[in-house]
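A short worksheet on the structure shown next.
Residue numbers (this note's numbering): 57 to 464.
Dropping the structure here:
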């Protein structure tokens, strides 16, 4: 990606792989979904089903790392642990591989856009790439679909000088909301640093959180594939699952984590899956979490609907909710396990990932973060008074397992 540390990391990675006899295809500056696409080996020009993306995703500018793909699927969990053990044991093959340059963006964009009919009428959209690599692909793809695109921070710059490229943080969407209102655009689209997460803003400048975006997309999927399974994570609104069931689909609530969600989608052969962070995956695009593909689906859906984006999303309301709340702690997994054992005042408990306590008028989630030493919480209710009551229940149970734990 565009981070300043990416070239040096990519160089070290190439040298290490070639020293083990691996042929390396250097794709240069690309989006994570484009790298995922290349690892599907869909043409002779893309001859491998393994790939490594050098990216810090939506993390702060100094952070960086690797996203790994093997046999066309993400490597995660115990597989990464096993890889670490091999590295520590220096269990390497020896040899000398070759390096080749791979310009994959043209074929990626051609195949991406080919899956959509041109829009029946032009649509003005604002694209905020947050100075991430989505600026290389999103404006071009949307224009080819038939959109009038207004670009905002589409020049890749790993310092992220305008705002941090995380569309789940309201402050990062302020400039997009303002530009949508100023220009009379029909929609605002925000991308994270490596373009695998999507944020959405309506014509009036309102933020649409990913679980509401999933409601609109799931409704479209179920119209085309009645009875289909839709996968979503435990952080999503209860109204998403209710909508899926009401439309005749099967709602599958699963663990948070884009690799986990993608694996569950593949296991169940579900046509669509997503999580609250903004990762959205479609079976008809190789099951990849590609924010640009999701954006094209949403734009196509909006034009077909014929109403403005505020009216479209008004069909899919959610309750009163908190943002993601985080509580730093030494051992979040142990605390989450203790919280699973408590009585939650008659709630239905979902314990696939921490504990999600569900009442008829709201719910609360407490889980251990996959990436930080903290508990992650979300609460939702039908109204503010009920939300306050649920908050008090959660606070009492946090205090029961550790008096030092306090809700932010």
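Glycine is no exception: its CB is placed at the ideal position from the N, C-alpha and C atoms.
Going by other Cβ atoms of all chains shown within 10 Å of its Cβ, with 16 needed for buried, is residue i buried or exposed?
| i | result |
| --- | --- |
| residue 109 | buried |
| residue 193 | buried |
| residue 271 | buried |
| residue 253 | buried |
| residue 283 | exposed |
| residue 146 | exposed |
| residue 267 | buried |
| residue 439 | exposed |
| residue 160 | buried |
| residue 331 | buried |
| residue 188 | buried |
| residue 423 | buried |
| residue 302 | exposed |
| residue 138 | exposed |
| residue 304 | exposed |
Can you name, in chain order, every residue of its own chain whose Cβ lies under 8 Å from the Cβ of residue i, other than the five neighbours on each side?
| i | result |
| --- | --- |
| residue 382 | 425, 428, 430, 431, 432, 433, 464 |
| residue 359 | 175, 176, 177, 179 |
| residue 297 | 288, 307, 309 |
| residue 458 | 385, 391 |
| residue 116 | 220 |
| residue 152 | 74, 75, 77 |
Could you compute how far the alpha carbon of residue i sits from the alpha carbon of residue j?
| i | j | result |
| --- | --- | --- |
| residue 356 | residue 92 | 23 Å |
| residue 314 | residue 460 | 31 Å |
| residue 185 | residue 402 | 45 Å |
| residue 408 | residue 256 | 28 Å |
| residue 370 | residue 242 | 15 Å |
| residue 455 | residue 199 | 53 Å |
| residue 238 | residue 311 | 39 Å |
| residue 111 | residue 82 | 14 Å |
| residue 87 | residue 58 | 9 Å |
| residue 136 | residue 122 | 11 Å |
| residue 149 | residue 76 | 5 Å |
| residue 181 | residue 203 | 7 Å |
| residue 6 | residue 124 | What the structure shows of the chain is the stretch from 57 to 464, and residue 6 is not part of that stretch, so it cannot be assessed. |
| residue 201 | residue 450 | 47 Å |
| residue 453 | residue 386 | 18 Å |
| residue 191 | residue 404 | 44 Å |
| residue 436 | residue 217 | 34 Å |
| residue 448 | residue 400 | 12 Å |
| residue 60 | residue 219 | 16 Å |
| residue 368 | residue 269 | 10 Å |
| residue 397 | residue 414 | 15 Å |
| residue 162 | residue 102 | 12 Å |
| residue 361 | residue 279 | 13 Å |
| residue 421 | residue 214 | 34 Å |
| residue 65 | residue 346 | 24 Å |
| residue 107 | residue 98 | 14 Å |
| residue 293 | residue 143 | 41 Å |
| residue 380 | residue 197 | 32 Å |
| residue 114 | residue 281 | 33 Å |
| residue 406 | residue 393 | 12 Å |
Between residue i and residue j, which are expected to be in contact by the criterion C-beta below 8 Å, what is the C-beta distance as a whole number of angstroms?
| i | j | result |
| --- | --- | --- |
| residue 274 | residue 328 | 6 Å |
| residue 366 | residue 295 | Incorrect: roughly 18 Å between the Cβ atoms, too far for contact. |
| residue 337 | residue 321 | 6 Å |
| residue 249 | residue 221 | 4 Å |
| residue 130 | residue 291 | Actually they do not touch by this definition, with Cβ atoms about 19 Å apart. |
| residue 89 | residue 246 | The pair is not a contact, with the Cβ atoms about 15 Å apart (cut-off 8 Å). |
| residue 339 | residue 351 | Actually they do not touch by this definition, with Cβ atoms about 17 Å apart. |
| residue 411 | residue 391 | About 10 Å; that fails the 8 Å criterion. |
| residue 285 | residue 224 | Rounded, the Cβ-Cβ distance is 25 Å, inconsistent with contact. |
| residue 232 | residue 208 | 6 Å |
Using C-beta distances below 6 Å, list every residue in its chain close to residue i, excluding the 5 sequence neighbours before and after it, in chain order.
| i | result |
| --- | --- |
| residue 127 | 105 |
| residue 364 | 259 |
| residue 69 | none |
| residue 342 | 96 |
| residue 442 | 417, 418 |
| residue 158 | 81, 83 |
| residue 62 | 110 |
Considering only DSSP beta bridges, list what residue i is partnered with.
| i | result |
| --- | --- |
| residue 414 | 404, 419 |
| residue 369 | Paired residue(s): none; residue 369 is not in a bridge. |
| residue 122 | 110 |
| residue 310 | 289 |
| residue 305 | None; residue 305 has no bridge partner. |
| residue 383 | 431 |
| residue 458 | Paired residues: none, contrary to the question. |
Does the CB of residue i have a neighbour CB from chain B at under 9 Å?
| i | result |
| --- | --- |
| residue 316 | This model lacks chain B altogether; it includes just one protein chain. |
Starting from the C-beta of residue i, find all residues in its chain whose C-beta is less than 7 Å away, skip the five residues before and the five after it, and write them out in chain order.
| i | result |
| --- | --- |
| residue 155 | 70, 74, 80, 82 |
| residue 172 | 201, 352, 356 |
| residue 384 | 429, 430 |
| residue 378 | 434, 435 |
| residue 211 | 187, 191 |
| residue 335 | 252, 253, 314, 317, 345 |
| residue 388 | 424, 425, 429, 430, 431 |
Does the beta carbon of residue i fall short of 8 Å from some heavy atom of the ligand NAD?
| i | result |
| --- | --- |
| residue 235 | Among the components modelled here there is no ligand, and therefore nothing to report on the ligand NAD. |
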